[in-house]
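Chains as they are written, first to last, in this note's numbering: chain A, 1 to 258; chain B, 259 to 534; chain C, 535 to 811.
Since the structure comes first, as C-alpha cells, the remarks are kept for the end.
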Amino acid sequence: MKKLNLLLLFAVAFSCTAMAWDNRGHSTIAYIAERHLTPRAKANIESYIGGRSIVYYAAWMDFNRSTPPMDVTRDWHVDYWTNEHRTDANGNPQPPCSVSQIKRIVSDMSDFRTLSDSLVSINIKYLVHLVGDMHCPVHIDFPTSRPMKVTMEKKPVKVHAMWDAYVLNSKHNGTSPMQLAEEFDILSAEQIAKVQSGHPDQWHLETVEISKKVISMLPENKKVTYDNYLNEAIKYAEDRITVAGYRLAAILNSIFDK
Amino acid sequence: MKKFITIIVALLTIQSASAWSKAIHAGIAAIADANLTEQTKESIRQALDGRNIVYSAHWMYDMEKTKGFEQTKNWRSVAVAKNNKPLNPKKSLHHKEDIVRRAQGLEALAAAIRAIESEKLSKEELANNIRYIVTIVGDLHCPTHYIYPEALELRKMSFTYNKKQSYVSYWEHTSVAGTFNWKSNEFVHQLNRKSAEQIAAITKGSITNWVTKNAAEYREIYSLLENGTTFSQKDFRNWQNKIYPISTEQVAIAGYRLAAILNGLFDSNVPNVKIK
Amino acid sequence: MKRLILAITITLIAASTNLCFGWGRDAHAAIAYIAERHLTPTAKANIEKCIDGHSIVYYASWLDNHRAEQKSWGKLAHVAHYDVATCEPIGKPYKQMKSTINKLKKYRELPDSALKVSIYHFVHSFGDYHCPGHVAFYDCSGEKPKRLRTSSYDFYLKTKKTRMQYHKLWDSGIVQMGQPGWGYMDWGHALDSSISQEYIDSVTAGSLKDWMRDIATKTQKEYRIYEKVPQKDKDAADNELSVVDGDMMNEFYEIAAKQILIGGLRMAKVINEIFGE
Chain A
1 MKKLNLLLLF
11 AVAFSCTAMA
21 WDNRGHSTIA
31 YIAERHLTPR
41 AKANIESYIG
51 GRSIVYYAAW
61 MDFNRSTPPM
71 DVTRDWHVDY
81 WTNEHRTDAN
91 GNPQPPCSVS
101 QIKRIVSDMS
111 DFRTLSDSLV
121 SINIKYLVHL
131 VGDMHCPVHI
141 DFPTSRPMKV
151 TMEKKPVKVH
161 AMWDAYVLNS
171 KHNGTSPMQL
181 AEEFDILSAE
191 QIAKVQSGHP
201 DQWHLETVEI
211 SKKVISMLPE
221 NKKVTYDNYL
231 NEAIKYAEDR
241 ITVAGYRLAA
251 ILNSIFDK
Chain B
259 MKKFITIIVA
269 LLTIQSASAW
279 SKAIHAGIAA
289 IADANLTEQT
299 KESIRQALDG
309 RNIVYSAHWM
319 YDMEKTKGFE
329 QTKNWRSVAV
339 AKNNKPLNPK
349 KSLHHKEDIV
359 RRAQGLEALA
369 AAIRAIESEK
379 LSKEELANNI
389 RYIVTIVGDL
399 HCPTHYIYPE
409 ALELRKMSFT
419 YNKKQSYVSY
429 WEHTSVAGTF
439 NWKSNEFVHQ
449 LNRKSAEQIA
459 AITKGSITNW
469 VTKNAAEYRE
479 IYSLLENGTT
489 FSQKDFRNWQ
499 NKIYPISTEQ
509 VAIAGYRLAA
519 ILNGLFDSNV
529 PNVKIK
Chain C
535 MKRLILAITI
545 TLIAASTNLC
555 FGWGRDAHAA
565 IAYIAERHLT
575 PTAKANIEKC
585 IDGHSIVYYA
595 SWLDNHRAEQ
605 KSWGKLAHVA
615 HYDVATCEPI
625 GKPYKQMKST
635 INKLKKYREL
645 PDSALKVSIY
655 HFVHSFGDYH
665 CPGHVAFYDC
675 SGEKPKRLRT
685 SSYDFYLKTK
695 KTRMQYHKLW
705 DSGIVQMGQP
715 GWGYMDWGHA
725 LDSSISQEYI
735 DSVTAGSLKD
745 WMRDIATKTQ
755 KEYRIYEKVP
765 QKDKDAADNE
775 LSVVDGDMMN
785 EFYEIAAKQI
795 LIGGLRMAKV
805 INEIFGE
C-alpha cells in the first residue's frame with residue numbers, strides 16, 4: 001500500500017494541472033500507434049523528427065506547455081462537454097479544444113510536403129499527444145465532475161487527479177510503455193479497423209459517454225477501493241489507451257502514407 | 259509545502275512488508291513468457307482474453323482486497339521444516355504462529371495446477387488459476403517468502419543505513435532495485451540468457467524439490483548480514499554488491515520454472531512438472 | 535505548479551541515496567543499450583563471451599557500484615579533464631581510457647579479471663565522458679594545469695527549499711525527469727529509431743581524442759551548461775543560488791538525449807572494431 005499512498009500524494013500534487021495521461025500512458029499510446037504505422041508513414045514521420053521514434057515526443061506537449069510561444073497550447077489538452085461550451089473573453093463559444101486542434105492539424109497537413117519542416121515536426125508532436133488526451137475520460141471537463149473529490153486510502157483526491165496519475169499506474173507501475181503496448185495491442189485486424197473508423201467528432205462523443213460512465217461508476221460514499229472502482233477503472237484506462245493508439249495510427253497513416 | 263515534501267520523502271523511504279515489487283513479478287512473468295512454446299502461448303492467450311501472462315503477473319496482489327479473494331493473502335509464502343522440506347499443511351495450519359499458518363503458497367500452487375489439470379474449469383476459473391500460478395511461482399523464489407518456524411527471529415533482522423531498515427523488506431524491495439532499474443522487458447533482455455542445459459538443470463525435479471532446494475539456499479541470505487549492522491555509504495554499496503547477483507539469479511530461475519509449469523500444463527508435447 | 539512538481543522531484547533526488555532512483559543508471563544503461571543495438575552479431579557474441587554471457591548493459595554502472603571494493607577500481611576516472619583554451623583532453627582520464635581501449639585491442643591475451651574490468655571501465659566511463667556534467671576544464675597556460683571553477687561539482691542550485699550540487703542534477707535528475715516511467719529499452723527505441731547512416735558516420739568519425747574534444751567543445755560553446763546557471767558555490771547563501779526551472783530542465787534534457795545517442799553510437803564503433811573479428 002506504500003505505493004498507493006505515494007501515487008496518491010503525487011496525484012494530489014498534480015491536481016491543479018490538466019495532464020490527462022502521464023508520460024507512461026502517452027508513451028504507450030505512441031508505441032501502439034507506431035506498431036500500426038505503414039512503413040512509408042513511419043519513415044516519412046521520422047524524417048521530420050530527427051530519426052527518433054514518435055514515442056520520444058508522446059508527452060512533449062506536457063513538458064512544454066508553460067513557456068512562450070508554447071503557452072498558447074496550454075488549453076489544447078482538455079475538451080469540454082458538448083452541452084457546455086465555454087466562452088472566450090468576448091463571450092464567443094469555444095469548441096472542444098483538442099478535437100478542434102486535431103481536426104485543424106489534419107487539414108493543414110493534408111499536403112505536408114508543402115509545409116516547412118519545422119511546422120510538420122511540431123504538428124507531429126501535437127498529434128501524438130492530443131489524440132491521446134482526447135481519449136482520456138477525465139479530460140472531458142464536466143462542470144459537475146471538475147471539483148469532485150473522492151477518498152482513497154483515507155486521503156481526499158480530485159477525480160481528475162486520480163485518473164491522471166493513479167489509475168493506470170496502480171496496476172502497471174513496474175512495466176515500461178514498450179511492454180504495455182505489447183500487452184494492450186491485442187485486437188484483431190477487423191476489430192482495429194472498426195476502432196479506427198469514424199471521425200474525431202464521433203470519437204469525442206464516445207469519450208464523453210465513457211467519461212460519464214467512469215464518473216457514474218464512482219461509489220456513492222466516494223471511498224474508492226480496488227474492489228469498488230479501481231479494478232473496473234483500470235480496464236477503461238487500458239481500453240482508452242489502446243483505442244487512442246490505433247486511432248493515432250489511422251490519423252498519421254492518412255497524412256503520411258503517401 | 260515543506261511538510262508535504264517531507265511526507266512524500268518519508269513515504270518513499272518507508273519499507274512496508276509485502277513481496278517482490280511489481281516490476282520483479284512482471285519480469286519473472288516476462289522471462290517465462292519468452293520461454294513458452296507456441297502452443298502454450300496460444301492456449302494462455304485464449305484463456306486470458308488475448309492477454310499474455312505479464313499482464314497478470316501481479317494480479318493476485320491487485321485482488322487482495324476484492325471480495326472472494328481475501329484468502330490469497332495466505333498464498334504467498336511457504337513454511338519449511340528444519341530439513342527444508344515443506345511443512346505438511348496439517349501441521350502448519352495449526353501452528354501457534356500466525357505467519358506459519360498463513361504460509362500456504364505451495365498448497366495453493368498445487369491446487370491451482372491440479373484444478374487446471376482436471377480440465378473441468380469454467381473460463382473464468384481457468385484464467386484465475388493461471389494467474390495464481392504466475393504470481394505464486396514468483397513469490398516462491400523470493401527468499402524472504404520462506405518461513406522457518408524454528409528461526410522466526412531471522413525475520414526481525416535489521417540494519418541501519420541512514421535509518422533503521424528491516425532486512426526482509428530490503429530483500430523484497432531493494433535487493434534488485436538497489437542496483438538495477440529494470441522494467442519487465444529489460445529483465446528478459448538481461449536475464450533470459452541461460453543455455454538449454456542450464457535451463458534443464460534449473461527445471462529438473464518436482465515443485466516440492468524446487469521448494470526444498472530453495473529453502474536450503476535461502477537460509478544462507480541471513481548469514482550475509484550481521485544483525486544490527488550500521489553501514490557507511492561505501493560499506494552499504496559493497497554489501498549490496500553481494501546481494502544483487504543472488505536476487506537477480508532467483509528472478510531468472512523463477513521465470514524458467516514458471517515456463518516449465520505452464521508448458522507442462524498447456525503443451526501436450528511437454529511433460530507436466532510434478533508437484534511432489 | 536510546475537515549480538512544485540520540480541521541487542518535489544529535486545527533493546527526492548537530493549534525498550535519495552539507497553532508493554531505487556539511481557537515475558544515473560538509466561542514462562548509462564541507455565548508452566550501452568544503444569551501443570548494443572549497433573553491434574555486429576560477431577562483436578556482440580565475442581564481447582558477451584568475455585563477461586559471462588551478460589549484456590554490456592548489465593555492466594553499464596558496474597564501476598559506480600563496485601569502485602569502493604578495490605583501490606585500482608576506485609582510481610578509474612568518471613570525469614574527463616580538458617584544456618579550457620583548446621578543449622583538448624588532458625591528464626589521467628584521457629590516458630586511462632586510451633589505455634583501456636588499447637588493452638581491449640589485445641583482449642585475447644588479457645587475463646580474465648583484467649579483461650572484465652577493462653570492459654566494465656570502458657562501458658561506464660566512456661558513457662560518463664559523454665555527459666556534459668562530467669566535463670572539467672583546466673587552465674593549462676602555467677606549469678601545472680589548474681582546475682577552473684567550471685565543473686558541475688563547483689556549482690550549487692536550489693529549488694524552493696533544497697540546495698543541491700549541480701552535478702547531482704546531471705547525474706540523477708535530467709534523464710529521469712525527461713521521461714518518467716521509461717526503461718533503457720524505451721530510450722534506445724525512441725532515440726535510435728531511424729537515424730541515418732550518414733549521421734552515424736558523422737558522429738563516429740575520428741579517434742577517442744577527437745570525440746572527447748568534441749564533447750568539451752560542445753559543452754563549452756554549444757550547450758554552455760555552466761553559463762546557464764549563476765555560478766555560485768557551496769558557501770553561497772540560499773537567496774544567491776539559481777532556481778532550477780522547467781525550461782532549464784527541458785533544455786538540459788534535450789542535451790542529455792543527444793549525448794546519450796552519440797555516446798552509444800561511438801561505444802558501438804569501438805566494440806565493433808575490437809570484437810568484430
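Beta carbons are placed, not taken as given, at the ideal position from N, Cα and C, and that holds for glycine.
In this text the structure is predicted, and so the values were computed from the model without any measurement.
- Rounded to whole angstroms, the gap between the alpha carbons of C/GLY810 and A/MET134 is 49 angstroms.
- In this structure, A/LEU37 and A/LEU252 form a Cβ contact; the two beta carbons are roughly 6 angstroms apart against a cut-off of 8 angstroms.
- At a Cβ-Cβ threshold of 8 angstroms, B/VAL446 and B/ILE289 count as neighbours.
- When Cβ-Cβ separations below 8 angstroms define contact, C/ARG800 makes no contact with chain B.
- In the structure shown, the three-state DSSP call for A/THR151 is strand.
- Within 10 angstroms of the beta-carbon of A/GLN202 lie fewer than 16 other beta-carbons, which makes it exposed.
- At least one C-beta of chain B is nearer than 8 angstroms to the C-beta of C/SER589.
- Looking from the CA of A/ASN23, the closest CA among A/SER53, A/ALA58 and A/ILE45 belongs to A/ALA58.
- Apart from sequence neighbours up to five positions away, the residues of its chain that approach A/ALA250 with a beta-carbon distance below 6 angstroms are GLN196, ordered along the chain.
- In the DSSP assignment, B/PHE417 falls within the beta strand (DSSP E) that extends over 416-419.
- Proximity of the stretch 494-512 of chain B to the stretch 434-449 of chain B meets the contact definition, three or more beta-carbon pairs being nearer than 8 angstroms.
- Comparing C-alpha distances from C/THR696 to each of C/TYR672, C/PRO679 and C/ALA771 shows the shortest one belongs to C/ALA771.
- Pairing A/ARG52 with C/SER727 gives a Cβ-Cβ distance under 8 angstroms.
- Where C/HIS615 is concerned, the enclosing beta strand (DSSP E) starts and stops at 614-617.
- Where C/MET783 is concerned, the enclosing alpha helix (DSSP H) starts and stops at 780-809.
- Here DSSP, grouped into helix, strand and coil, assigns A/ASP79 to strand.
- Identification of residues in the stretch 35-51 of chain A having a C-beta nearer than 7 angstroms to some C-beta of chain C yields ALA43, GLU46 and GLY51, given in sequence order.
- For B/ALA292, no beta strand (DSSP E) segment is defined; the enclosing uninterrupted segment is the alpha helix (DSSP H) at 280-292.
- Per DSSP, C/ASP673 is one residue of the beta strand (DSSP E) stretching across 669-673.
- By the neighbour-count definition (other C-beta atoms within 10 Å, threshold 16), B/ASN485 is an exposed residue.
- Note that the stretch 631-639 of chain C does not touch the stretch 679-692 of chain C; fewer than 3 beta-carbon pairs, one per stretch, sit closer than 8 angstroms.
- In this structure, the beta-carbon distance from C/ALA611 to C/PRO627 falls below 8 angstroms.
- Ranked by how close their Cα comes to the Cα of A/GLU232, the residues B/ALA370, B/THR324, B/LYS378 and B/LEU398 have B/THR324 in first place.
- Chain-ordered, the chain A residues with CB closer than 7 angstroms to the CB of C/ASN784 read PHE63 and ASN64.
- With contacts defined as CB atoms closer than 8 angstroms, B/ILE533 and B/ILE465 qualify as a contacting pair.
- Restricted to the stretch 576-637 of chain C, the beta strand (DSSP E) segments that are unbroken, complete and at least 3 residues in length are 614-617, listed in chain order.
- For C/LEU691, the enclosing beta strand (DSSP E) stretches over residues 690-692.
- Contact annotation: B/LYS441 and A/THR175 have beta-carbon atoms nearer than 8 angstroms.
- Judged by beta-carbon spacing, C/ILE585 lies within the 8 angstroms limit of C/LYS650, meaning their Cβ atoms are closer than that value.
- Contact note: B/GLY308 reaches chain A through ILE186, using a C-beta cutoff of 7 angstroms and chain order.
- As summarised for the stretch 455-520 of chain B, the continuous alpha helix (DSSP H) elements at least 4 residues long and confined to that stretch are 465-477, given in chain order.
- At a cut-off of 8 angstroms between beta carbons, A/GLN179 contacts chain B.
- Identification of chain B residues near C/ARG559 by a Cβ-Cβ cut-off of 9 angstroms yields THR437, PHE438 and ASN439, ordered along the chain.
- Beyond the five residues adjoining it in sequence on each side, B/VAL392 comes within less than 7 angstroms, by CB distance, of ALA287, ILE311, SER314, ALA315 and LEU516 in the same chain, given in chain order.
- The C-alpha of A/MET70 lies about 20 angstroms from the C-alpha of A/VAL55.
- The CB of B/LYS492 comes closer than 8 angstroms to the CB of ALA602 in chain C, given here in chain order.
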